[in-house]
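Structure, as structure tokens:
Residue numbers (our numbering), protein chains in the order written: chain A, 561 to 924; chain B, 561 to 924; chain C, 561 to 924.
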């Protein structure tokens, strides 16, 4: 408990934990205050995500590299997964897909962009491990191809019906999970030396002991699930009140909230001239969402959703994911960075955010 | 004759030659056994393609680099060309286009992917000549742009009619053949040193003497033409019986069958850590199909087909060719490989194959 | 005046200045001779563009790097800007957009392609500064994303109406101009050393003294505006007479005419083995059109055009801009060139030019 408090003192994000009880209280007392609940649940998810991420790393550090890496990788996007699962259960497929596409775009452009920009403000030029970055960009490219094919084919060949799209989505999900497993084997076992610097995580921070870490994992996951439930229930009406389209909320708001903890790590690493780690977190997180979270959601939708979900995204989401992936490939190709590289990534992100913000709600 | 037998003993693929008489016999006795004829003709084409490729190299080795290179390059995809010509004559344009697009995608993703995977299983990391690989990927990119423009414009500007597409296809075909001729001049004459390692071919194998080689070329071409005739005639009905779409058959089955001999060479080279050669065969073959075979088929269609063929592919084929080209460009950019790079290429190929397999037949 | 005459003797393009009075005379005497006026105005714009470019450099050389760079960059595409403004005022939005898209495609593919080809004819292999070229290609990529998003979204989500497209275009224009300003800060102030070799311009040529340079700037701008007026008025009818679509005229003719002076510099630099400069002029000019001229035209359209202009290009223009940008990114990635690299760029350009030439006029 002492360590937990120390952690809270150390990490200012965790003061936001105060919002967790507040959101539950407001939900009891004023269940109709959707916009307030939306804002409070956003504020409450951020510190929970940070704790989840810290606890995961503590467990990972104890269990040895192979199991630890697996845990770290599968639990790293737990917040996004829990939010998406809650939305999946409610049958809100547009929100689920928006949050998947948004996480890919936000991690690739915003998280990486701010990292390179902040790093570039401090250092004239920075270098990072090209090989590892290229592998991550390659994985992301692979996943993006899998996500865009159902939409491209359904768009292009209008005869292909819903049954085809559903069957294809199922098959692709299995393929992607196999690719994900093989990528783990590659990066954690056969060629771990290529990914060395990016995998180390926040060394130097005080880690939780095993018992506390596991208890935190369990407890916080339950809390995240409960807050996510409030979030998903309030988001639609709050979006309407605020004049935001579900696409904008899923793409931008949910994506930034869900990745808040990882962003804090990535930005801090960039300021310490450890760009390998920033690039690893940003692209690794994006490719994990694409290779593991998205297909897992499709498979789980057969069990927990009112009807099975497919992998067909709406066209502008496909265009954005594809451009984000290409941008990542172009940027990471040289292995060097300066502040303007960050600006370029952020500009592409701003173009997307502006488009989604202005898009008439019905479309999204 | 002795050498021919020795060659058969050396290369186990050639035992399949036994299927050549079988397919003719079955065609005489049971002309309606389409599925059987389809399977037998596939089995018979593979060893014939291997012989054709060996004879071509023997001739090329004798005639000096310039003529030899020209021969090697123009005859290298002879099997694909003969199959496509047979389909062209029958007016089966969907099959022709599917086999062209399929050869590009299969060579780029499957042949290269298996090569890198097999090589990577044996060697921890492999390197290859980036400059030559980039040039090949650039040629492939150029050809893909030419193949996608008619479809993109016809898709986008619906006013552009069939006459426009036909005229444009003719013009593009001439452009592509000029580009092909210039690329030969570049790689065989002015900058041959850049392509040195990839061009050597299966050095070390016993080559045919000139007379035998020419006789083999002539005789085997006739045999391939005859078996291809049976193949093209049976494929449509066999596909229906087996529940395969013509697109899947053209894209996957024909492409793999037609390239079987080259694949054997590419895989063997990768296992010997001669990735330059594997990359050269895979991408060189793909760009040759795109730059020479496809436009030659358009030009020939004016002479031998019931009506002229254009270069307008159906949209998902365009998307697949474009993604295959981009994947090749990304992968070859670094000049290094490990087993997972092969897996990524194969995964993209599996995504395409799965999509085509599931696509309702009418669409393709 | 002496210097001006010397300049005319030095630069053979300037003999074409004789066409300036001719075009005014013909316009007075035969205002209906559209095809003749079109041809004459093309011939008259070329030398004026060369003078404008030389005067701009002279001013830039005197005012110190920061202001000079700003001037050089903002006035560098003055000809294109004046032509586009004249068309904008006349409400000819198709011509304006075609000239913007055409300038991007022509500078990226034609100007760069001819430079690399001519340089390659003289030198077996040439190298250029990868870092600077990549930055330019990155800027161009950013701008292309901004230009393709409105069209992509409007294409994809048909609900998005004209009001959305207009609002989005306005927002994107502001974003692009901010990006342009930041890119200037980056290349002229914080990281000028990366761009050093490309920025120097035609060192060695005799520059105008300040007074003459400013007078030339003012006077020639007025002349360009007047000739552009004749050009824009005659181009539509001349195109009809010559059977050319407005898209072809805007994309190819206007783009080549407007960039004639820069092309002369880029080609000469390539022949002197100064590829850094050729690449800098070609890609820098393209990204400037995309990042500054295009958004400035949108903003100005609110003031001077009959109705506001948006950034929605027709689909084949978007495809072409995107492919041109990708081609530039692929080609500049290696930092090496040989004659065939130039041929590949020119082939892609020829594919586009042929497509536009054949496209039925109504579509464009």
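Note that CB positions come from ideal geometry on N, CA and C, so glycine has one too.
- Contact check for residue 700 of chain A against residue 847 of chain A passes: the beta carbons are separated by less than 8 Å.
- By the CB criterion at 8 Å, residue 792 of chain B and residue 652 of chain B fall inside the cutoff.
- Taking C-beta atoms under 8 Å as the contact rule, residue 574 of chain B and residue 583 of chain B fail to qualify, at a distance of about 16 Å.
- Comparing alpha carbon positions, the residue from C:807, C:884, C:639, C:863 closest to residue 917 of chain C is C:807.
- In terms of CA proximity to residue 909 of chain A, C:705 leads the group C:705, C:910, C:900.
- When secondary structure is reduced to three states using DSSP, residue 685 of chain A falls in the coil class, being assigned neither helix nor strand.
- Those residues of the segment 884-916 of chain A placed with their C-beta closer than 9 Å to a C-beta in chain B are 886, 889, 893, ordered along the chain.
- In the structure shown, the three-state DSSP call for residue 897 of chain A is strand.
- The Cβ-Cβ distance between residue 664 of chain B and residue 869 of chain B does not fall below 8 Å.
- A distance below 6 Å between beta-carbons, with the five flanking residues on each side excluded, links residue 609 of chain B to the following residues of its chain, in chain order: 639, 820, 821.
- As for any alpha helix (DSSP H) of minimum length 4 sitting wholly inside the segment 796-881 of chain B, the runs are 815-818, 820-831, 835-848, 854-864, ordered along the chain.
- For the options C:866, C:619, C:672, the alpha carbon positioned closest to that of residue 826 of chain C is the one of C:672.
- For residue 768 of chain A, the secondary structure class from DSSP, reduced to helix, strand or coil, is coil.
- In the structure shown, the three-state DSSP call for residue 647 of chain A is helix.
- What residue 656 of chain B touches in chain A, judged by beta-carbon distance under 7 Å, is nothing: the nearest beta carbon there is about 19 Å away.
- When the five nearest sequence neighbours on each side are left out, the beta carbons in the same chain lying within less than 8 Å of the beta carbon of residue 709 of chain B are those of 728, 732, in order along the chain.
- For the 8 Å CB-CB criterion, residue 670 of chain A and residue 836 of chain A do not form a contact.
- The residue among A:814, A:576, A:856 with its C-alpha nearest the C-alpha of residue 794 of chain A is A:814.
- Contact with chain C is found for residue 709 of chain B, since one of that chain's Cβ atoms lies less than 8 Å from the residue's Cβ.
- Remark: C-beta atoms of residue 607 of chain A and residue 641 of chain A do not approach each other more closely than 8 Å.
- For the C-beta of residue 665 of chain B, not a single chain A residue is nearer than 7 Å; the gap to the nearest is close to 12 Å.
- The criterion of a C-beta distance shorter than 8 Å is satisfied by residue 662 of chain C and residue 812 of chain C.
- With fewer than 16 other Cβ atoms from the protein chains shown falling within 10 Å of its own Cβ, residue 803 of chain B counts as exposed.
- By alpha-carbon distance to residue 801 of chain B, the top candidate from B:913, B:830, B:592, B:680 is B:592.
- Around residue 657 of chain C, the same chain offers 873 as residues with beta carbons nearer than 6 Å, after the five sequence neighbours per side are excluded.
- Taking 8 Å as the threshold, the shortest C-beta distance from residue 846 of chain A to chain B does not fall below it.
- Taking 8 Å as the cut-off, the beta carbon of residue 587 of chain C is found closer than this to the beta carbon of residue 790 of chain C.
- For residue 581 of chain C, the enclosing alpha helix (DSSP H) covers residues 579-589.
- Between residue 865 of chain A and residue 730 of chain A, the CB-CB gap reaches or exceeds 8 Å.
- Classified as exposed, residue 684 of chain C has fewer than 16 neighbouring CB atoms from the shown chains inside 10 Å of its CB.
- The shortest C-alpha to C-alpha distance from residue 901 of chain C to any of C:857, C:851, C:680, C:774 is the one to C:680.
- Collapsing the DSSP output to three states places residue 652 of chain B in coil.
- Between the alpha carbons of residue 734 of chain C and residue 745 of chain C lies a gap of roughly 17 Å.
- Taking 8 Å as the cut-off, the Cβ atoms of residue 915 of chain A and residue 697 of chain A do not count as close.
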